[in-house]
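Each remark here refers to the structure printed beneath this line.
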Amino acid sequence: MDKQKRTTIDEFSAYLQSAVRNTTINYMNDKSKIKEHEITLEEDLENVEGRGIEWNEMMEAHDIFLGKIDPEKLFAQVTDNKLLHILKSFSALHIKVLCLRILYEKTFDEIGMAIGISGKKAENTYYNVIKKIRRELGEGKDAGKRI
1 MDKQKRTTID EFSAYLQSAV RNTTINYMND KSKIKEHEIT LEEDLENVEG RGIEWNEMME
61 AHDIFLGKID PEKLFAQVTD NKLLHILKSF SALHIKVLCL RILYEKTFDE IGMAIGISGK
121 KAENTYYNVI KKIRRELGEG KDAGKRI
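So the sequence shown is residues 1 to 147, counted in full-length UniProt numbering.
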């Protein structure tokens with residue numbers, strides 16, 4: 001019986017050693033897989049800094065898509081008081097078209113989609129606004145004409 005007890009203890013010890021070894025191997029494999037997918041803080045900051053501009057452009061595009069166009073950005077860039085007064089006299093549609101074309105550099109089709117009009121109407125609106133501005137400032141070929 002003593003021999004049988006000793007064999008059982010040896011088998012249990014061998015089982016325990018195998019279990020500990022396998023658990024250690026599994027732990028190390030899992031840890032190495034995690035490290036493969038980890039990035040350092042410096043790498044992460046480099047990625048974030050590079051994507052900051054992309055994020056701003058994406059948020060700006062999202063705002064435009066939702067129709068959130070801030071005419072104050074346009075007004076803030078104008079230094080001539082007469083021009084500022086003229087711009088503030090335009091309707092919201094005219095200001096939106098002007099902002100999207102000048103500040104956001106959108107095509108007329110993109111402008112039309114953003115504010116719910118056709119691309120051709122956006123183009124006509126833009127050029128009519130430019131004509132009115134030139135007329136009010138006394139510039140251009142049709143400066144003396146009134147619409």
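Glycine included, C-beta positions come from ideal geometry on N, C-alpha and C. Values in this document were obtained by computation on a predicted structure and should not be read as measured data.
With fewer than 16 other beta carbons inside 10 angstroms of its own, Phe12 counts as exposed.
Straight through space, the alpha carbons of Glu105 and Leu74 are spaced by roughly 13 angstroms. According to the DSSP assignment, Ile115 belongs to the alpha helix (DSSP H) that extends over 108-115. With respect to the 8 angstroms criterion, Lys31 and Ile69 are not classified as neighbours on the basis of their beta carbons. Across the structure, Glu36 and Met28 are spaced so that their CA atoms are roughly 12 angstroms apart. Annotation for Val20: the continuous alpha helix (DSSP H) segment containing it runs 2-37.
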